[in-house]
Structures are given as structure tokens and as C-alpha cells.
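Position 108 (the sequence shown) corresponds to 381 in the numbering used here; numbering is contiguous.
First the structure, in the form of C-alpha cells, and then the observations on it.
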Amino acid sequence: MRSKASSKSKNGAFDESAGLRPRKSLGQNFLRDDRISRKIVLAIDLRPADVVLEIGPGEGALTRHLAASGARLVLVELDERAVGRMRELYGGSGVQVLHQDVLTVDLDALAASMSTERLRVVGNIPYYITSPILFHVLDNRHRVRDLTMMVQKEVARRLAAVPRTKEYGILSVFCQLFADVEILFDVQPGSFHPRPDVTSSVVRLVMLDRPRYALRDEQFFREMVRSVYGMRRKTLRNALRYFLDADPAAAVPDASILQRRPEDLTIEETVGLSNFLFEHFRR
Ligand code: SAM
274 MRSKASSKSK NGAFDESAGL RPRKSLGQNF LRDDRISRKI VLAIDLRPAD
324 VVLEIGPGEG ALTRHLAASG ARLVLVELDE RAVGRMRELY GGSGVQVLHQ
374 DVLTVDLDAL AASMSTERLR VVGNIPYYIT SPILFHVLDN RHRVRDLTMM
424 VQKEVARRLA AVPRTKEYGI LSVFCQLFAD VEILFDVQPG SFHPRPDVTS
474 SVVRLVMLDR PRYALRDEQF FREMVRSVYG MRRKTLRNAL RYFLDADPAA
524 AVPDASILQR RPEDLTIEET VGLSNFLFEH FRR
């Protein structure tokens with residue numbers, strides 16, 4: 274049996290048998306089912322020429338399989354204990370370990386420094402920053418080929434939702450406009466330590482080269498969607514009044530669309546409306 278002293282890592286924070294003591298503040302639910310880790314990495318289908326950015330490696334549940342793929346690897350982690358452990362394990366093999374908040378990583382500069390057109394991003398991420406991570410990646414989608422990540426099952430359903438369902442909203446519109454979204458499989462709470470309260474799902478977003486529907490102005494679209502889809506129960510006419518500070522009815526030729534609710538609009542209709550309103554109410 275391994276002695277206690279020999280099971281400690283050099284940085285003293287990691288115990289081989291017990292692992293890292295989870296920090297709730299960092300959203301740490303470590304994956305402890307190696308079949309799931311393998312399944313996730315297999316689904317990514319890595320090639321040696323790929324550059325992978327792993328968000329939050331933690332104890333390295335996914336990292337060991339990512340490293341075995343032969344792809345080049347960059348790890349970004351906020352917890353200094355996990356950073357120390359990852360540097361011990363992989364520092365010598367050319368893996369870059371960034372002790373940093375993923376939301377501050379300049380994906381454009383990172384891809385350029387790794388001489389790759391597009392990164393492959395993967396993570397069993399901290400759920401409390403799911404939306405910021407999604408938007409950070411979508412904002413830099415020209416530098417990302419795909420994003421494979423664990424999210425709460427309920428969030429996965431929102432990413433892939435269709436109009437006129439309670440899950441359809443801001444995340445569905447943004448993700449499906451800029452990426453192909455696929456829910457790969459569910460992961461039960463028992464696969465993690467500590468056990469989370471919710472079931473998780475692994476999702477994949479493959480970035481499109483250009484938005485699914487042509488946008489006149491992306492900034493205007495983003496502001497409109499955030500504002501209008503935040504008022505799901507209002508009619509579009511009322512929701513848009515807040516956003517535009519004017520009555521949209523004067524500018525929209527077919528006013529019947531304004532009697533509908535945001536959650537009833539397809540993404541194509543939302544883009545069409547945004548393009549039209551941008552021409553009339555450009556700021
Ligand atoms: N990937 C590991 C696994 O599958 O067991 C850990 C998963 S745990 C849910 C999330 C990890 O993200 C933790 O290691 C945590 O320290 C790290 N983390 C939390 N916030 C972060 C941030 N803003 N940037 C980078 N990593 C973060």
C-alpha cells in the first residue's frame with residue numbers, strides 16, 4: 274500500500290488517493306468516472322495537429338486522455354493547487370499550464386502563439402460561469418473550431434431548444450446562430466465528487482464559418498436579443514418599445530409579427546427583425 278508521505282505531490286496539495294479537497298467557490302465537482310472521461314475525449318476525435326485548450330483541468334480527469342491523444346495541449350486553471358499538480362505531471366512534456374481565469378484568456382492571441390487557425394476547446398467547466406464561458410468562446414469563434422463541454426442537463430436543453438418551448442431563449446438563439454449544437458450524452462451525479470444536485474450533459478458546439486443567417490449588425494442584434502428575450506411574456510411590440518425607446522410599429526411593414534412573443538420567433542425571424550430595425554433605428 275502506498276504510504277501517506279509518498280502519495281503527496283511535491284506541492285503538498287494533492288493526495289493520490291483522496292485527490293484535491295473540492296472548493297465549492299470554484300465550482301469543483303471532479304469527474305471520478307474514467308469511462309466518462311474517455312468517452313468525452315473520444316467524442317472530440319483529436320488529431321496530433323490539433324491544439325486543445327482545456328478549461329479547468331482540476332485533478333486531470335480529462336487531461337490524461339487529452340495528453341495521450343498526442344494533440345498539443347494548453348490548460349487554464351484558477352486553482353493554484355491544480356496548477357501545481359498539472360505542472361508536475363505535464364510540465365515536462367510541452368503542455369502549457371496557465372494559472373488564469375479562462376474568461377481573461379485572449380483566444381485570438383493564444384491561437385496565434387500556438388500557430389493554429391482554430392483551437393479545440395474542451396472542459397468539464399465550473400457551472401457558475403457557463404454562460405460567460407459560452408459567450409467568451411462565441412465572441413472568439415473565428416479562432417475556435419469547436420467547444421465540447423459538460424453543462425447542467427437543463428442548460429444543454431436550452432442551448433439546443435426550438436421556438437415555443439420553455440427552454441428557448443437567449444442561449445438558444447446565440448448558440449444556434451453561430452454554431453451547430455449537439456447534445457452528446459448525459460452524465461449522472463454519481464460520476465462526480467462531490468456529487469452535484471443535478472444531472473449533467475456533454476454538449477458540442479461546432480462553430481460555423483459565418484452566422485447561419487446574415488446579420489447587418491452583430492452588436493445591434495446582440496443588444497436586441499438580450500433585451501427582448503429578457504421579456505419573454507411581453508409582446509414584441511412592447512418588448513421592442515423598451516429597447517428602441519420608440520414604437521416599432523411605425524417601421525415594421527407587417528405589424529402582425531409585433532403581436533407575437535419573443536419566444537415564438539425562429540432565429541431566422543429574429544435576425545430578419547433585427548436587420549430591419551437596425552436600418553430604421555440605427556444608433
Ligand atoms: N475538469 C476537471 C474534472 O473533470 O474533474 C475539473 C472539473 S471542475 C467542475 C471545474 C474546474 O474549473 C475546477 O478545477 C476549477 O478550479 C476550475 N475553474 C473554476 N473557475 C475557473 C475559471 N474562471 N477559469 C479556469 N478554471 C476555473
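We treat Cβ as the ideally placed atom computed from N, Cα and C, and that holds for glycine.
Computed from a predicted structure; not experimentally measured.
Beta-bridge partners of residue i, as assigned by DSSP
i      : result
Val417 : Leu392
Glu557 : Here the chain comprises residues numbered 274 to 556, so residue 557 is not present and cannot be evaluated.
Ala452 : Met480
Leu457 : None, per the DSSP bridge assignment.
Phe303 : His466
Leu371 : Val349
Contact test: residue i Cβ vs ligand 1 heavy atom, cutoff 6 Å
i      : result
Tyr361 : A small correction: the amino acid at residue 361 is Glu; Tyr does not occupy that position in the sequence shown. Glu361: no, Cβ never under 6 Å from ligand 1.
Val375 : yes
Arg399 : Per the sequence shown, the amino acid found at residue 399 is Pro instead of Arg. It does: the Cβ of Pro399 is within 6 Å (strictly closer) of some heavy atom of ligand 1.
Phe458 : no
Gln580 : It is not possible to answer for residue 580, since the shown part of the chain is limited to 274 through 556.
Gly329 : yes
Leu346 : no
Val299 : As written in the sequence, residue 299 is Leu, which differs from the Val given in the question. Yes; taking the cut-off as 6 Å, the Cβ of Leu299 has a heavy atom of ligand 1 nearer than that.
Leu380 : no
Leu351 : yes
Ala334 : yes
Asn302 : yes
Ala341 : no
Ala384 : no
Ala355 : yes
Close-in-space but distant-in-sequence residues of the same chain around residue i (CB under 7 Å, 5 per side omitted)
i      : result
Leu299 : Leu351, Asp352 and Pro399
Lys277 : Reliability fails at Lys277, whose pLDDT of 39 lies under 50, so the model's placement of it is uncertain and no value is given.
Lys297 : none
Val435 : Tyr441
Ser342 : Val314 and Leu319
Sequence-distant residues of the same chain with beta carbon closer than 8 Å to residue i, five excluded per side
i      : result
Arg431 : Glu440, Tyr441, Gly442, Leu444 and Ser445
Ala524 : Phe549, Leu550, His553 and Phe554
Arg506 : Arg534
Glu496 : Phe516
Leu293 : Ala286, Phe287, Gln301, Phe303, Gly331, Glu332, Asp352, Arg354, Ala355 and Arg358
Glu542 : Ile530
Neighbourhood of residue i by C-beta, 6 Å cutoff - its chain only, sequence neighbours within 5 removed
i      : result
Asp306 : Ser464
Arg485 : Leu450
Integer-rounded CB distance, given that residue j should sit under 8 Å from residue i
i      : j      : result
Leu481 : Asp453 : 7 Å
Ser310 : His338 : 6 Å
Val349 : Gln373 : 5 Å
Leu383 : Val325 : Contact doesn't hold; Cβ gap of about 11 Å is too wide.
Ile456 : Val476 : 5 Å
Ile317 : Thr421 : 5 Å
Residue i at chain B interface by Cβ criterion, 7 Å
i      : result
Asp453 : Protein chain content of the structure displayed is limited to a single chain, and chain B is not contained in it.
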